[in-house]
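Protein chains in written order, with our numbering: chain A, 6 to 420; chain B, -4 to 266.
Just so you know, even glycine gets a beta-carbon here, dropped at the ideal spot from N, CA and C.
Each remark here refers to the structure printed beneath this line.
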């Protein structure tokens, strides 16, 4: 058994928007005018963000997390593999988790297979290979037709893993990506292949496909009420139906945190970055204001029967995370956990106990949060919050999951 | 009005029918029978007074089985050729609205001998430079807490007029109607989400094959398919009447002006 794995997730927001962005601009996604980009201000921005991730590695986090988004101010990583490439040369210990490459956006999945294999080699077997189908915004800015996205996604994911594990050349006679000569150079370092993580938002079919293949399921929700616990239970029961057993490292969640010396100080220091993140970065994604691109009938990628089920629990016009109006509401969403080391430890430990989750993917830098504050929070977390979380979670997992072979899906590097 | 299911290549196709007379095959659009209601709209009832109206639901819409092999408009054309075979329809009047009009034009360009007369209402299908067809998918995403205001704006002349609000209501509407609208968007996504956006570039140069008389109807305030598309159809179809603009209507002329629209269609077919 191992303790909870703590990862540092960086989204790489564009932090130089004017204070009146929310009043003046319709969206932070897809159509947000790129005339707002300021080369003068943005000089050195990627360096600052990469340095923060390298700092996470120094502080002893279990890994760094990157992901792919396009045409938005929320995340400046249209190609996370480029950042990952830099990290292979700047870090030595932690996993490099890419969650993930958006497979339906790539005309040829072999490009992902190749780049991931390169990254696995360049990092000495530290890659965690995430595959994601892309959400509403990416559907629009890359013109991905929705109806067959899922089928395309799984064909691409399976082809990539096959290209990593089966000797080539072979022909892939697929519906969406027929390829005559599949013959990967280089191969990934980890055997049988790098760990695969798949994000989902509680869709039963995604859980089933993940379970069938023995991958790790990552809940992409940003809020953590009862749904996180329910997602864990649903995934556990899907695993059992497939003759498998749940353990905490089959599951991961995304959360944000800010740690400072006291509760009061934490709130004061992070508040500007938090509101920038909620009101600007989430506009177009998780807000009612402007156009909400992430979910809706305009991106009809789940079958009609699944949409019917979704609608039963859906209230049109309901508040989303970015619509919270005050600190109290934000606090109740359990999305961004802010406070002293004691407070943050207590609340995260509580989440781990309820959701039995072993992979915590934690965002530290929020919105326009300055570098020195993001680093201070990461350091306090690493020194004061991580040790008790590791200690308590190890006890909890050992007690509740006796005999679980947590390493069986974690590939071993050949060296 | 009666509904029935036929089977083609193992897939179910749901069809509504009523009326007597020469067969009139109707292909639906986004705001239409099958995509917003499970029954006729007043427009179709008026058509059925003087024709035998046959309206199949597109693949994945209403009770028609989804067809995962549909990637491009060509696949939809072949689906309908099979439907016509199953219905033993050899020559008939073909009427299509919105994407239904596109499908109708594609069928007619391939099999002009099957079509007695062709009617296109606010039809997509053509590439006209500088006049993109509206993005119904973006407009179907919620905006400022409203589910469908943007789609109503695009599909009707007035965003809050009663017929638009009835067919695209905000708030928690009837679950089955909600699923119906979703199914139509899902079908549309297969053929029109990515470029080409609800058009097929080669269609323009194939229209000369359609020698039957054709009628092109367009809403005065169509905000989904710019009027120049109607003008282009009217210019390139060899036997087309001059473009007919219907006043006080947006894209959904058959909903906003059902009497006038049905009368124009029926008079044209009777000529």
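Buried versus exposed, by CB contacts within 10 Å (16 or more), residue i
i	result
residue 217 of chain A	exposed
residue 18 of chain A	buried
residue 131 of chain A	buried
residue 320 of chain A	exposed
residue 23 of chain B	buried
residue 129 of chain B	buried
residue 408 of chain A	exposed
residue 40 of chain A	exposed
residue 383 of chain A	buried
residue 54 of chain A	buried
residue 420 of chain A	In this prediction, residue 420 of chain A has a pLDDT of 32, which is less than 50 and means its spatial position is unreliable; nothing more can be read from the coordinates.
residue 254 of chain B	exposed
residue 434 of chain A	For residue 434 of chain A there is no data in the structure shown, the boundaries of chain A being 6 and 420.
residue 265 of chain B	exposed
As assigned by DSSP and simplified to three states, the class of residue i
i	result
residue 402 of chain A	helix
residue 323 of chain A	coil
residue 22 of chain A	coil
residue 9 of chain B	strand
residue 69 of chain A	strand
residue 39 of chain B	helix
residue 0 of chain B	strand
residue 260 of chain A	strand
residue 128 of chain A	coil
residue 98 of chain A	coil
residue 138 of chain B	strand
residue 112 of chain B	strand
residue 45 of chain A	helix
residue 140 of chain A	coil
residue 245 of chain B	coil
residue 34 of chain A	strand
residue 145 of chain A	helix
Identity of the residue in the options nearest residue i by Cα
i	options	result
residue 303 of chain A	A/317, A/239 and A/149	A/149
residue 282 of chain A	A/78, A/383 and A/46	A/78
residue 137 of chain A	A/122, A/396, A/288 and A/160	A/160
residue 307 of chain A	A/378, A/153, A/117 and A/24	A/153
residue 360 of chain A	A/254, A/25, A/180 and A/151	A/254
residue 251 of chain A	A/311, A/22, A/208 and A/410	A/410
residue 366 of chain A	A/31, A/226 and A/106	A/226
residue 178 of chain B	B/137, B/132, B/167 and B/161	B/132
residue 43 of chain A	A/58, A/59 and A/20	A/20
residue 421 of chain A	A/118, A/25, A/151 and A/246	Outside the displayed span of chain A (6 to 420) sits residue 421 of chain A, for which this structure offers no information.
residue 243 of chain A	A/261, A/258 and A/214	A/214
residue 127 of chain A	A/347, A/143, A/82 and A/194	A/194
residue 197 of chain B	B/136, B/21 and B/123	B/123
8 angstroms Cβ shell around residue i - same chain, five flanking residues per side excluded
i	result
residue 71 of chain B	53, 54, 65, 98, 101 and 186
residue 287 of chain A	33, 79, 325, 326 and 327
residue 187 of chain A	115, 164, 167, 168, 173, 174, 175, 176 and 177
Inter-residue Cα distance where the pair is residue i and residue j
i	j	result
residue 402 of chain A	residue 241 of chain A	15 angstroms
residue 171 of chain B	residue 94 of chain B	22 angstroms
residue 63 of chain B	residue 155 of chain A	11 angstroms
residue 68 of chain B	residue 156 of chain B	33 angstroms
residue 398 of chain A	residue 353 of chain A	10 angstroms
residue 350 of chain A	residue 90 of chain A	32 angstroms
residue 49 of chain B	residue 75 of chain B	13 angstroms
residue 259 of chain B	residue 299 of chain A	42 angstroms
residue 77 of chain B	residue 184 of chain B	22 angstroms
residue 176 of chain B	residue 30 of chain B	5 angstroms
residue 28 of chain A	residue 41 of chain B	49 angstroms
residue 190 of chain B	residue 146 of chain A	12 angstroms
residue 236 of chain B	residue 209 of chain B	6 angstroms
residue 45 of chain A	residue 65 of chain A	33 angstroms
residue 417 of chain A	residue 102 of chain A	Bear in mind that the predicted position of residue 417 of chain A carries a pLDDT of just 41, short of 50, making it unreliable; the figure below should be weighed with that in mind. The straight-line gap from Cα to Cα measures roughly 16 angstroms.
Same chain, Cβ closer than 6 angstroms to residue i, five either side skipped, listed in chain order
i	result
residue 81 of chain B	1 and 3
residue 246 of chain B	117, 150, 214, 217 and 219
residue 62 of chain A	96, 98 and 99
residue 60 of chain B	6 and 7
residue 184 of chain A	177
residue 225 of chain B	211, 213 and 238
residue 89 of chain B	20, 99, 110 and 113
Close beta carbons around residue i, own chain, < 7 angstroms, minus the five adjacent residues each side
i	result
residue 415 of chain A	A caution first: residue 415 of chain A carries a pLDDT of 43, below 50, which makes its placement in the model too unreliable to give a value.
residue 105 of chain B	72
residue 67 of chain A	10, 11, 12, 99 and 100
residue 26 of chain A	285
heavy atom of the ligand NAD below 7 angstroms from residue i C-beta
i	result
residue 84 of chain B	Within the structure as shown, the ligand NAD is missing, as the structure has no ligands at all.
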